[in-house]
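Using the working numbering, the first residue of the sequence shown is number 7, and each one after it goes up by one. Below: one structure, written as structure tokens.
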Amino acid sequence: MATPKSYTEPTSPSSSSSTIKPDPMSSPPNENTALLPPDLHSSETRKRWNLFPPVRRVFFTSLLLSMTFAFTQTSLIYAFRVMTCDEYYKTHEWDGSHGDRCSIPQVEGKSAREIAIMSTTTTTSTIANLFISGWFIKHFGVKAAMFQQTFWAALRNLCQMYALRTGGKAGILIIQSTQLFNVLGSAGGYQIASNVFVSLLVPSEERTKMFGVLTGVIMLGSSLGYTLGGLAYNTYGLLAPFQCAFGLLCFCTIFGSLFLPYLSPENHSKEPSSSTETTKEKKKQSFLAPLKIFIPKKVETLDGKIKRDYNLLLLGAGAFVSVLATGYVHVALQLVGTDAFGFTPGESGMMLSGNLLVKAFFLSICFPRIITWGRKLLSHRTDVPSGPAMDEHPETPLEAEEPDDMGAPREDQARQPTDTQHGSTFDLYFLRWSIFIDGLLTGLTTLSTKGWHLYFAAGVLPFASATGSACKGVTLDFVEADQRSDALGAIALIEKIAQVSTISLFGTIFAVFSEQGRPTLVFLANGAIAMLAFILLLFVRMPKPKDDTGRIALPA
């Protein structure tokens with residue numbers, strides 16, 4: 007019988023140095039035989055695409071969006087000054103006594119009042135947008151919610167360009183009115199969407215680290231936006247930053263719609279509702295649901311007793327006070343630099359840009375490694391690497407529930423640098439001591455006597471700036487899966503309210519200290535408030551896993 011061409015039989019076992027491989031097509035098919043031959047080109051394409059997994063696509067989109075929203079900030083403030091100046095000289099004559107006709111108290115005062123009106127409208131609308139974004143995520147999905155923000159932001163940008171061409175009082179009113187678009191699309195809304203994306207795309211062990219990376223990416227984008235927006239204005243004129251921002255918004259919308267993963271609203275809840283009435287009731291309450299996250303709830307402990315759980319209330323209060331303490335620091339650095347050390351706008355801009363870049367470096371590079379190392383140390387794990395857990399194909403919470411080949415759920419396997427017993431406990435420790443160190447360093451800034459001291463403070467303070475990211479990670483350990491978007495919206499809401507409050511509170515405090523000739527004391531006041539946040543967080547205790555009956559072990 008002739009030997010098949012696909013197989014060459016050797017004369018002896020030792021006559022060939024290579025292993026003989028029969029043609030796979032010559033073997034009889036069985037139940038393990040693939041129906042279709044492997045597509046090597048498709049495998050290589052998939053491998054290359056895994057280098058840019060969904061989480062990194064979310065980071066890239068967030069970077070572009072943060073840069074876009076910051077692109078017009080400095081130009082918008084300058085535009086108000088120009089339009090106010092033009093309106094003033096419609097009814098007044100310039101006497102030529104100043105080199106710049108707009109550098110007179112009447113114009114500067116009126117411009118400041120108009121900017122304050124715009125800022126108030128923007129902040130109020132953004133707070134409303136936080137509620138709407140959470141509702142939109144629950145009903146239409148996180149991807150739709152993110153790109154609702156970009157559509158309305160692009161429309162606002164077009165109106166701003168028209169206002170700049172109109173100029174005068176009419177231009178000012180148009181810009182102030184179009185800030186109402188922030189109700190439907192704002193920077194706060196897309197940040198909530200980004201955080202929800204991260205919470206759904208990464209396993210629970212990775213959430214705190216990835217929140218830190220996301221915050222760092224957003225800060226890096228803001229720093230780039232301030233810089234590039236100023237360069238666009240200097241090179242091409244006042245309209246250029248707004249035109250660039252509009253183009254970037256369009257690009258972000260197209261990129262996100264094509265490359266960001268679609269996560270249906272059902273992914274927020276792994277347990278189906280018991281009835282249609284319950285589902286309808288949840289939908290009715292979902293719009294104001296973020297406000298209910300921090301209400302103390304009654305829970306049944308392992309010994310059968312009913313207790314109120316105040317941990318989320320304390321966590322929310324600590325987050326509010328920490329932002330209240332630190333939210334004014336970057337403004338104080340500018341004001342103290344200008345009043346006490348004669349900083350020019352260029353010097354203040356360099357100081358703030360450096361501050362943002364250091365924050366981005368710490369949150370994106372250092373913070374994830376600290377969390378990984380701390381969790382591994384706390385749970386005494388030695389079988390995981392200490393580097394950042396940013397895998398080429400991150401396992402999602404939904405994938406973690408699927409059983410492996412041995413039939414055991416993946417989430418029960420020892421794979422991550424933590425365990426079920428400890429969870430985010432280290433994150434809570436980090437949260438407490440981060441705000442403590444932040445308060446200490448901020449208070450020491452009071453001792454500044456030279457301009458370079460402020461530059462040094464701006465470079466050091468970011469290394470204690472991960473409070474917000476750690477707070478998000480800890481908060482999600484207290485809520486069910488279907489409450490994640492509500493919890494993130496609630497954290498964003500109290501941070502936004504704290505930012506508004508800190509400007510009013512410490513603006514008054516700074517004015518009092520300035521009148522006494524000691525403006526640097528404002529940093530001491532910031533540090534004292536931060537210590538109050540540290541005290542509140544000392545009373546927070548992490549929840550322990552529930553037993554089979556659904557009871558939870560609350561700490562005594």
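Cβ coordinates follow ideal geometry from the N, Cα and C atoms, glycine included.
For V546, the closest alpha carbon among the candidates A498, Y94 and N317 is that of N317. Within the same chain, Cβ atoms closer than 6 Å to the Cβ of V506 are found at T129, the five residues on either side in sequence being excluded. Around the beta-carbon of L544, fewer than 16 other beta-carbon atoms lie within 10 Å, marking it exposed.
Residue G457 holds the alpha-carbon nearest to the alpha-carbon of G348 among N188, I301, G457 and G310. Contact annotation: P525 and V342 have beta-carbon atoms nearer than 7 Å. By the CB criterion at 7 Å, L161 and V327 fall outside the cutoff.
Per DSSP, I301 lies in no beta strand (DSSP E) segment and is marked neither H nor E. Taking one beta carbon from each stretch, the stretch 463 to 471 and the stretch 112 to 128 have fewer than 3 pairs nearer than 8 Å; the two do not touch.
With fewer than 16 other Cβ atoms from the protein chains shown falling within 10 Å of its own Cβ, Q522 counts as exposed. Fewer than three beta-carbon pairs drawn from the stretch 66 to 83 and the stretch 106 to 116 are found closer than 8 Å, and the two stretches are therefore not classed as touching.
V223 and S370 have their C-alpha atoms some 7 Å from each other.
Considering only S117, F77 and T156, the residue with the shortest C-alpha distance to A246 is F77. Within 10 angstroms of the beta-carbon of V518 lie fewer than 16 other beta-carbons, which makes it exposed. Annotation: F137 to W100 spans about 48 Å, alpha carbon to alpha carbon. Here the C-alpha atom of K303 lies approximately 46 Å from the C-alpha atom of Y461.
I312 sits in a strand when the DSSP states are folded into three classes. Across the structure, F65 and G227 are spaced so that their CA atoms are roughly 10 Å apart. For the pair G262 and F368, the CB atoms are not nearer than the 7 Å cut-off. Going by C-alpha positions, G191 is about 13 Å away from W141. Taking every protein chain shown into account, the CB of S270 has fewer than 16 other CB atoms within 10 angstroms, so this residue is exposed.
In this structure, S430 lies near G479, with their beta-carbon atoms less than 7 Å apart. When rounded, the separation of the alpha-carbon atoms in G360 and A346 is 20 Å. Straight-line spacing of the CA atoms in M89 and A531 works out to 37 Å. By the neighbour-count definition (other C-beta atoms within 10 Å, threshold 16), S117 is a buried residue. Annotation: T455 is outside any alpha helix (DSSP H) and is labelled neither H nor E by DSSP. Distance from the CA of T184 to the CA of G195, rounded to the nearest whole angstrom, comes to 17 Å. The stretch 496 to 512 and the stretch 435 to 444 do not touch, with fewer than three beta-carbon pairs separated by less than 8 Å. Secondary structure note for K96: it is in no alpha helix (DSSP H), with a DSSP letter that is neither H nor E. For D444, the uninterrupted alpha helix (DSSP H) segment begins and ends at T431 to L450. If you draw a straight line from the Cα of V219 to the Cα of V113, it comes to about 42 Å. Within the DSSP secondary-structure output, E306 pairs in a beta bridge with I312.
Look at Y232 here: in three-state DSSP terms it is helix. Non-local C-beta neighbours of C258 in its own chain, meaning closer than 7 Å and more than five positions away in sequence, comprise T67, L70, L71, T74 and T156, ordered along the chain.
According to the DSSP assignment, I121 belongs to the alpha helix (DSSP H) that extends over P111 to F146. With fewer than three CB-CB distances shorter than 8 Å, the stretch 200 to 213 does not count as touching the stretch 167 to 175.
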